[in-house]
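Take a look at the structure below.
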Amino acid sequence: MTTSEDGTPGTPGGPAGESLERLRQNMARVETLSKRLIDVMSRKTSHNRALDAPDQELFAKAAMSYWAEALQNPAQLLEQQIEYWGKSVLNFAEAQQALAGIRDEDAEQARRSDRRFANPMWEKNPFFNYVRDQYLTNASAIQRAVASVDDMDAREKRRLTYFANQIVDMMAPTNFLPTNPDALEKALETDGESLVRGLENLVADLEANDGELVVRLADESAFELGGNIATTPGDVVYRNRMMELIQYKAATETVHEIPIVLFPPWINKFYILDLKAQNSLIRWVTEQGYTLFVVSWVNPDATFADVGIEEYIQDGFLTAINEVKAICAT
5 MTTSEDGTPG
15 TPGGPAGESL
25 ERLRQNMARV
35 ETLSKRLIDV
45 MSRKTSHNRA
55 LDAPDQELFA
65 KAAMSYWAEA
75 LQNPAQLLEQ
85 QIEYWGKSVL
95 NFAEAQQALA
105 GIRDEDAEQA
115 RRSDRRFANP
125 MWEKNPFFNY
135 VRDQYLTNAS
145 AIQRAVASVD
155 DMDAREKRRL
165 TYFANQIVDM
175 MAPTNFLPTN
185 PDALEKALET
195 DGESLVRGLE
205 NLVADLEAND
215 GELVVRLADE
225 SAFELGGNIA
235 TTPGDVVYRN
245 RMMELIQYKA
255 ATETVHEIPI
265 VLFPPWINKF
275 YILDLKAQNS
285 LIRWVTEQGY
295 TLFVVSWVNP
305 DATFADVGIE
315 EYIQDGFLTA
325 INEVKAICAT
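So in this note's numbering, spot 19 of the sequence shown is number 23, and the numbers just go up one at a time.
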């Protein structure tokens with residue numbers, strides 16, 4: 005039975021009933037999306053080795069070095085273990101006190117510097133408070149253990165530290181729905197719609213990349229070359245394996261004798277300079293009376309594995325400049 009804001013019984017067709025029905029519908033959508041997620045993951049055949057975790061040899065060396073150090077200096081290992089278990093017991097005791105309404109304000113103030121735990125629920129709710137404190141205790145113990153490994157060369161030690169920190173960050177309670185008060189609050193506020201949107205984005209990213217998780221940074225369907233981006237008229241006057249050379253004619257009656265050649269960064273498409281008329285560098289240059297040439301770099305695939313900086317210089321920069329000279333007779 006639902007109740008209204010004044011505490012009187014509500015009706016299934018009222019606001020509370022409608023909200024509950026939306027939540028049920030969204031949970032059904034989540035179930036459907038979960039099946040799609042399982043399906044796309046089960047059909048994954050390609051495997052990008054570049055996305056692999058470090059080989060087991062790194063962690064094996066770290067473990068051997070750690071235990072060798074422990075055998076030589078058992079007091080250090082004992083000290084670390086005692087400190088870890090002591091903090092764990094303290095976290096549990098503080099959680100019990102929080103349930104009884106007793107709080108250590110000084111301890112809580114010291115933990116508020118981590119922006120991941122800015123939500124007041126991390127302080128007010130004993131469950132979230134305990135989850136956060138125990139996570140921070142575990143993270144500190146892992147980082148101290150890694151820092152105590154000495155019998156490794158500097159490069160391997162940096163790799164170990166990096167991957168250990170990645171694992172620690174990955175296991176943060178903020179990365180999991182049941183232990184993230186922000187995500188739970190958003191789910192309740194939207195009647196589960198936020199969960200649907202997030203899962204839809206995840207499934208779409210996986211389906212678009214054959215099961216590989218490549219996160220899209222924009223809605224690719226929202227942009228059209230020549231439509232709402234790259235609207236300045238231009239012509240491709242030269243192309244080779246590395247690039248296309250696009251010419252934009254001056255938009256004035258009088259034209260400067262010397263043209264301008266622009267080379268965008270390799271990681272960006274040329275239309276980063278021509279997103280829309282209001283902020284288009286390409287349009288602005290042509291309106292100043294210049295003939296403009298812009299290089300559009302190729303999007304390399306596996307066939308470009310042998311390409312290095314020399315090819316970009318010779319077949320990209322130098323070739324483009326020579327072609328511009330020939331076209332403009334400069």
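Backbone N, C-alpha and C define an ideal beta-carbon position, used for all residues, glycine too. Predicted model only: the values in this text are computed from it and were never measured.
For residue i, I'd like the list of residues in its chain whose CB is within less than 6 Å of its CB, leaving aside the five on either flank, ordered along the chain.
| i | result |
| --- | --- |
| valine 172 | Ala143 and Ile146 |
| valine 219 | Asp209 |
| leucine 277 | Leu285 and Ile286 |
Apply the 10 Å Cβ neighbour rule to residue i and answer buried if 16 or more other Cβ atoms are within range, or exposed otherwise.
| i | result |
| --- | --- |
| aspartate 137 | buried |
| serine 225 | exposed |
| phenylalanine 297 | buried |
| isoleucine 42 | exposed |
| tryptophan 89 | exposed |
| glycine 11 | For glycine 11, the pLDDT reaches just 46, beneath the cut-off of 50, and the residue's location in the model is therefore unreliable, although a value from the coordinates is still provided. Glycine 11 comes out exposed. |
| arginine 47 | exposed |
| aspartate 195 | buried |
I'd like to check one pair, residue j with residue i: are the Cβ atoms closer than 8 Å?
| i | j | result |
| --- | --- | --- |
| glutamate 160 | leucine 62 | yes |
| glutamate 314 | methionine 246 | no |
| valine 265 | isoleucine 325 | yes |
| tyrosine 134 | alanine 99 | yes |
| lysine 253 | threonine 290 | yes |
| serine 300 | glutamate 216 | no |
| tyrosine 242 | glutamate 327 | yes |
| asparagine 123 | aspartate 186 | yes |
| glutamate 73 | serine 152 | yes |
| threonine 323 | lysine 280 | no |
Just curious, the alpha helix (DSSP H) that residue i is in, first and last residue?
| i | result |
| --- | --- |
| glutamate 291 | 285-291 |
| leucine 94 | 78-103 |
| valine 328 | 323-332 |
| lysine 273 | Looking at the DSSP string, lysine 273 is not in any alpha helix (DSSP H), and its letter there is neither H nor E. |
| glutamate 216 | Element bounds for glutamate 216: n/a, residue is neither H nor E. |
For residue i, which residues of its own chain have a beta-carbon under 7 Å away from its beta-carbon, when the five flanking residues on both sides are left out?
| i | result |
| --- | --- |
| glutamine 165 | For the record, residue 165 in the displayed sequence is threonine; it is not glutamine. Excluding residues within five positions, the ones whose Cβ falls inside 7 Å are Val150. |
| aspartate 118 | none |
| threonine 178 | Arg120 and Asn184 |
Looking only at its chain, what residues have a beta carbon closer than 8 Å to the beta carbon of residue i, apart from the 5 residues adjacent to it on each side?
| i | result |
| --- | --- |
| phenylalanine 227 | Ile233 |
| phenylalanine 308 | Val302 |
| valine 200 | Asn30, Arg33, Val34 and Leu37 |
Are the C-beta of residue i and some C-beta of chain D separated by less than 8 Å?
| i | result |
| --- | --- |
| alanine 234 | Looking for chain D here will not work: only one protein chain is present. |
Ends of the beta strand (DSSP E) at residue i?
| i | result |
| --- | --- |
| valine 311 | From DSSP, valine 311 is part of no beta strand (DSSP E); its letter is neither H nor E. |
Task: alpha helix (DSSP H) segments (min. 4 residues) lying fully within the stretch 142-208 - done: Taking only runs of at least 4 residues, the alpha helix (DSSP H) segments lying wholly in the stretch 142-208 are 158-174 and 185-193.
Task: Within the stretch 218-271, ranges of the beta strand (DSSP E) (whole runs, at least 3 residues) - done: Scanning the stretch 218-271 for uninterrupted beta strand (DSSP E) segments of 3 residues or longer gives 239-243, 247-252 and 264-266, listed from N- to C-terminal end.
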